[in-house]
Every structure is written in C-alpha cells, then in structure tokens.
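Colleague: Residue numbers (numbering that gives the first Met the number 0), protein chains in the order written: chain A, 0 to 261; chain B, 0 to 261. Quick reminder that beta carbons are idealized off the backbone N, C-alpha and C, glycines included.
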Amino acid sequence: MATAYDIAIKQERSEKDGGTPVIAVENLRKTFGSHMVLNGISLSVNRGETVAVLGRSGTGKSVLLRIIIGLETPDSGSVCIYSQNIVGLALDRMGEIRKRMGFLFQHAALYDSLTIAENVAFPLVHHRKEMSRSERGERVKQLLAEVGMEGDFGKMPSNISGGMQKRVGLARALALEPEILLLDEPTAGLDPISSGEIDDLILKLQRERQMASIVVTHDLHSARTIANRLALLDKGNVVIEGTFEDLQQSDIGFVEDFLKLS
Amino acid sequence: MLMNTAASSAAGLVEGFFEWFGNLGIFFWQVLRAAVTPPYEWRELIHQLDEVGSKSFPVVVMAGSAIGVIISLEARYSLSRFGAKSMFPATLVYSVIQVMGPIITGLVVSGRVGAGISAELASMKVTEQIDAIEASAINPYRLLAATRILACILMLPLLTLVSDACGLLMGWFAQTLVEPLSFHQFIQDGFKGATFSSFLPQTFKTAVYGLIIGLIACFQGMRTRGGAEGVGRAATNSVVLASLFVILADVVLVKFILVVFP
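If you want it as structure tokens, here you go:
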C-alpha cells in the first residue's frame, strides 16, 4: 500500500520533470469590512500532492478554499489553476475549470430537497449528458459504495447523521472525477472511527487518482496522516510550511504552542 | 447637530435606495445573460411552471371568484341607483378583465409565489446549497433564477385568464341568484362591441408582473445573509416589494396601454 511518503516521492519526480503546480496561490489578500482575513498568502500544490492547511479559527482557511474555487473574489493577488489565473473570470468560463475540481463543504451543503442518490447524481445530470439513466445509476452506486454509503440511496439528507452527510458530500465532490480536491474540515465533528475512515478514503483517492488536494482542518492527527505538506496559518499568512517533522523542529513560538495544544 | 444627523440618515437612505436598484440591475443582467446562453435548463423550467402555475391555481380561482361576486354586488347596487341595470354585464366584464383580474392575480401570485421562491432560495443560500451548485460548475443564475423568473412570466397571463373566467362566472352566478339572467345573454351583452385589443393587452401585461415578482423574489432570496432571521426577512421583503412594484407598474402599464391601444 502506497503511503503519503511514496506519493510525495512521485510528486517530487513530477517536479523534477518540470511539472508546474496544479494550484498556485500568489500574494492573496482578502478583507471583510475592516477585518483582514488573508494577508498576502502564497501556496502551491502539485499533482498527486495533499497539502493540509491548519490554523486557529478565523484565520482565513475556509476563505482561502472559497477563493481557490471562485466563490469569493480576493482584493489582490492571483490564483492559478493549471497556469490559468481564475481571479475575475466570467462565471461560465470559471465553470469549465470547476468541472476539474471537487469541493467538500464544511457542513456538506447537500441539496435538502433531493435524496442522497440524487445529490450525488446532480453534477452527472448536468455535465455528463451522454450518460444513460442506468449508467448514471451505476456510477452513483459506485461513488456511494466508495464512501461506505451504499445502503442509503433513497434517504433524505435530513435523515442521516453529520458524518454520513460529509461522506455523501465527498461522493458528490468526486462525481466528475476531479483532478483537484478541496476539502473544508472533512473530519470536523466526527467520531474517531469515522474520522479515520474519511482519512483512509482520502489516502486511497490520492493513491488511485493522483489528485492535487488542499485539506483545511483543525485535526493535526488527520493532517499528519493524509498530507504530504502542512501549512500553518496565523493572521492571514503562512507561518510555516513543510512536513510534520519540520513543524516539530520549528522554534517559532506560535508553532510550538499550536503543536502542544493540538 | 440634529440637522446634520437628519441629513446623514437621509443621505444613507438615498444611497441604500440607489445601491439596491444598482444591485438589482446587475442581477437582472446576469440572469438575462445566463438565460439566453446554453445549456438551457428545460427540466427545471417545467418543474417551475408546475410550481408557479398549477400550485397557484386554487388560490387564483378563489380570489378571482370572490372578486367577481364583490363587483357583481357593488355594480348591481350602483347601477340600479342610476337606472342603468342594463349596463350590468358590460360593467362586470370590463371591471373584471380590464382592472381587477390582472391586479388581483398579480398580488395573489406575488404573495404565494414570491414568498415561496424567496424563502426557498434564501434557505439554500444560508445553507451554502447555492455555493454548492456553483462549485459543481453549474450557473445558479441559469438554474435557479432564470427558470423561476421565466415561469412567472409565462404563468401570470394564464393565471389571469383563469381568474377572469372565475370572476365572470361567479359574478354572473351572484346576479342570477337575485335576478335570473341567462349566461348566453350575459356574455353577449358583456362583450358587445369589444375587440381583442380591449382585453388582450390588459391580460398580457401581467407578464410584466411576472417579471417583477420573479426577479425581486430571486434577487432577495439569492442575496440573503444571516440564518433563519435572514430567510424570514428575505421572504417578507420580497412580498412587500413585489406587491408594491406590481401596483406601481400597473399605473405605468394602464397609461401605456391607453396610449398604444386607444
């Protein structure tokens, strides 16, 4: 079984081959009113790499993900997806790029008037028009099986737990076979067993599909398990970026406090 | 001091007023652009035609019937006083079709459909479901707003015809209970000398009401912030503003129709 380390080696090789980052965030700034959320943050993610973004609540981790997928517009800076700057891109043009991305929302954001199966089928209905109804059904079954939800097709989102909603959200995010996966607190509020299962699933996807992923999390254990690199945010900027060992060896006060208290 | 405070609040109100109109204009442009470019959301449009049309049918039938009875009672009493009872059929027909039918249908639909659309979209907005649609590379202006606005535009004239028919039928029925009058005679006298231009512009002007109701409901819903309170506020504002603008539009449209179809 390939580990995060093996994947990091592969990614390193890809970089040596001259591969450009899949996601490249440069000097990003964002304020809400007088509150500066992101203060010149830069981050890049390569193919097959998972970067965990850690930090205290309100340091702009979720805002960073929302800017990368184009749901928020930064005040300045650039976000390049496959070398294409997406800042200020028209909605339909952005749509073409979003087809290559999967996004798991913090609270799953499932469509509450649709069943679980319909939720997962939603992107397929709109973007895989060539698929027949039975092909789509098979694909939905397969996606739900991947996240361990094969028996709950007809249930409504309100009738399943938060952890199950996250799994369904993940299945929906994977429906279009994205090359980029953005996960906003995938294990928040889950019991340790469910958290571990989600982590295993992310590792499996990383191994099989070589996606570029950014995972926003507070869960240091999860970040250590699934990520090749960790980026610790404070006051809207990256304080330190590297492996878990790099963070452990750091003598920056904030990093030491964060690791001690996590 | 007091003058300064009053001046600054007045300036704030004026600024808010123009900001609202400016944002509404931008929203309308985005919806229009999304509506005329493929892919077209036929399935959602049909669903919305059912939501706006079929489900408003009972309430429009009841409102139209009540208006017919009220006009019948009032007209009979007033015309009798002036010895003009023979004018009853024409008075009822013209009052219902030219004046009351369209405006009452507009106001009833504004209450039922406007509040429904606005609350639905507002709820989707605060639970990030609209963001999830956008993150799935689907244009929410096309899927959610354009379909609902178009459904309102198409269904309002049809619902007005239903309301008019019910108003005439019940108005005649109320008259017949007091003083028997054959339906054939009633229709013949009521429509004597009438041309298509006497009634069609009055009926089809309600498409403009549909645009106003759909546009304001979608706009208020999709810009909601602030949880359950925001959802309630969006629904209330939508009904109040849509009803107000329907009445104001009627003033302009009546004059316009009188000038164009003298």
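Is the CB of B:GLU127 under 7 Å away from at least one CB in chain D?
Modeller: Reference to chain D is not applicable here, since the protein chains of this structure are A and B.
Colleague: Just verifying my parser: in three-state terms, what is the DSSP assignment at A:SER41?
Modeller: Strand.
Colleague: Please list, in chain order, all residues of the same chain as B:THR4 whose beta carbon is under 7 Å from its beta carbon, the five residues on each side excluded.
Modeller: Excluding sequence neighbours, B:THR4 sits near nothing in its chain.
Colleague: A:TYR110 touches chain B at which residues, Cβ-Cβ below 9 Å?
Modeller: Residues of chain B passing the Cβ test: MET123, GLN128, ALA131 and ILE132.
Colleague: Output the distance between the C-alpha atoms of B:ALA216 and B:GLY100, rounded to the nearest integer angstrom.
Modeller: Spanning the two alpha carbons is a distance of roughly 22 Å.
Colleague: Under 7 Å between C-beta atoms, does A:GLY94 make it to chain B?
Modeller: With 7 Å as the cut-off, A:GLY94 counts as an interface residue toward chain B.
Colleague: CB B:GLY82 to CB B:ALA241, shorter than 7 Å?
Modeller: No, they are not a contact pair.
Colleague: So, is A:MET0 buried or exposed, given that buried needs 16 or more other C-beta atoms within 10 angstroms?
Modeller: In this prediction, A:MET0 has a pLDDT of 41, which is less than 50 and means its spatial position is unreliable; what the coordinates show is noted afterwards. It is exposed - the Cβ of A:MET0 has fewer than 16 other Cβ atoms within 10 Å.
Colleague: Closest by CA to A:GLN205, which one among A:GLY39, A:THR30, A:THR49 and A:VAL124?
Modeller: It is A:THR49.
Colleague: Can you say whether A:LEU109 is buried or exposed, counting buried as having 16 or more other CB atoms within 10 angstroms of its CB?
Modeller: A:LEU109 should be labelled buried.
Colleague: A:ILE68 to A:VAL24, Cα distance in whole Å?
Modeller: When rounded, the distance between both Cα atoms is 12 Å.
Colleague: Flag this pair as yes or no: are the beta carbons of B:GLN174 and B:LEU180 separated by less than 7 Å?
Modeller: Yes, the pair counts as a contact, with Cβ atoms nearer than the cut-off.
Colleague: Mapping the DSSP letters down to three states, classify B:GLU133 as helix, strand or coil.
Modeller: DSSP places B:GLU133 in helix when its eight states are reduced to three.
Colleague: Would you be able to state if there are at least three C-beta pairs under 8 Å between the stretch 38-45 of chain A and the stretch 217-237 of chain A?
Modeller: Because the criterion of three Cβ pairs below 8 Å is met, the stretch 217-237 of chain A and the stretch 38-45 of chain A touch.
Colleague: Would you mind sorting B:ALA10 into buried or exposed? The rule is 16 or more other CB atoms within 10 Å of its CB.
Modeller: Label assigned to B:ALA10: exposed.
Colleague: Taking a cut of 9 Å between CB atoms, which residues from the stretch 188-218 of chain A lie near chain B?
Modeller: Going along the stretch 188-218 of chain A in chain order, one finds no residue with a Cβ nearer than 9 Å to chain B.
Colleague: Could you give the C-beta distance for A:ALA120 and A:ARG135, rounded to a whole number, given that I count them as a contact under 8 Å?
Modeller: That belief holds up - the Cβ atoms of A:ALA120 and A:ARG135 are roughly 6 Å apart, short of 8 Å.
Colleague: Please say whether A:VAL78 and A:GLY59 have beta carbons closer to each other than 7 Å?
Modeller: Not a contact, by the Cβ cut-off of 7 Å.
Colleague: What residues are listed by DSSP as bridge partners for A:ASN84?
Modeller: Answer is A:CYS79, bridged to A:ASN84.
Colleague: Check whether the stretch 131-144 of chain B touches the stretch 99-119 of chain A, taking contact to mean three or more Cβ pairs, one atom from each stretch, closer than 8 Å.
Modeller: With the cut-off at 8 Å, the stretch 131-144 of chain B and the stretch 99-119 of chain A touch.
Colleague: For the candidate residues B:SER117, B:GLY110 and B:VAL98, whose alpha-carbon lies nearest to that of B:ALA144?
Modeller: Taking only the C-alpha atoms, the option nearest B:ALA144 is B:SER117.
Colleague: Per DSSP, which residues does A:PHE102 bridge with? Please list them.
Modeller: BP columns for A:PHE102 point to A:LEU181.
Colleague: Name the chain B residues that come within less than 7 Å of A:LEU53, Cβ to Cβ?
Modeller: Per Cβ cutoff of 7 Å: no residues; A:LEU53 is ~22 Å from chain B at best.
Colleague: Rounded to the nearest angstrom, what separates A:ALA230 and A:MET93 at their Cα positions?
Modeller: Distance between the alpha carbons of A:ALA230 and A:MET93: 26 Å.
Colleague: Since A:GLY161 and A:GLY188 are thought to touch, with beta carbons under 8 Å apart, how far apart are those beta carbons, to the nearest angstrom?
Modeller: Yes, A:GLY161 and A:GLY188 are in contact; Cβ-Cβ is about 5 Å, under 8 Å.
Colleague: Can you list, in chain order, the residues of its chain with a C-beta nearer than 6 Å to that of A:LEU202? Leave out the 5 residues immediately preceding and following it.
Modeller: Excluding positions up to five away in sequence, the list reads ILE225.
Colleague: Note down the Cα distance separating A:PHE31 from A:LEU70, rounded to an integer number of angstroms.
Modeller: C-alpha separation (whole angstroms): 14 Å.
Colleague: Give the DSSP bridge partners of A:MET35, in chain order.
Modeller: A:THR30.
Colleague: So what's A:ILE68 in DSSP terms, helix, strand or just coil?
Modeller: Here A:ILE68 sits in coil by DSSP.
Colleague: According to DSSP, is A:GLU48 helix, strand or coil?
Modeller: A:GLU48 falls in the coil class under three-state DSSP.
Colleague: Relative to the C-alpha of B:ALA65, which residue among B:LEU257, B:VAL239 and B:CYS165 is closest?
Modeller: For B:ALA65, the nearest C-alpha among the options comes from B:CYS165.
Colleague: According to DSSP, is A:GLY241 part of a helix, a strand, or is it coil?
Modeller: The answer is strand: DSSP assigns A:GLY241 an E or B state.
Colleague: Report the rounded CA-to-CA distance for A:SER56 versus A:HIS220, giving the unit in angstroms.
Modeller: One C-alpha to the other measures close to 17 Å.
Colleague: In the stretch 45-76 of chain A, which residues sit with their C-beta less than 9 Å from some C-beta in chain B, listed in chain order?
Modeller: Answer in chain order: ARG65, ILE68, GLY69 and LEU70.
Colleague: For A:ARG132, go through chain B and note every residue whose CB falls closer than 8 Å to its CB, in chain order.
Modeller: Neighbours of A:ARG132 on chain B: none; closest Cβ ~13 Å, over 8 Å.
Colleague: Mind listing which residues of the stretch 135-166 of chain B have their C-beta closer than 7 Å to chain A's C-betas, in chain order?
Modeller: Those residues of the stretch 135-166 of chain B that come within reach of chain A (Cβ to Cβ, closer than 7 Å) are SER135, ALA136, ILE137 and ASN138.
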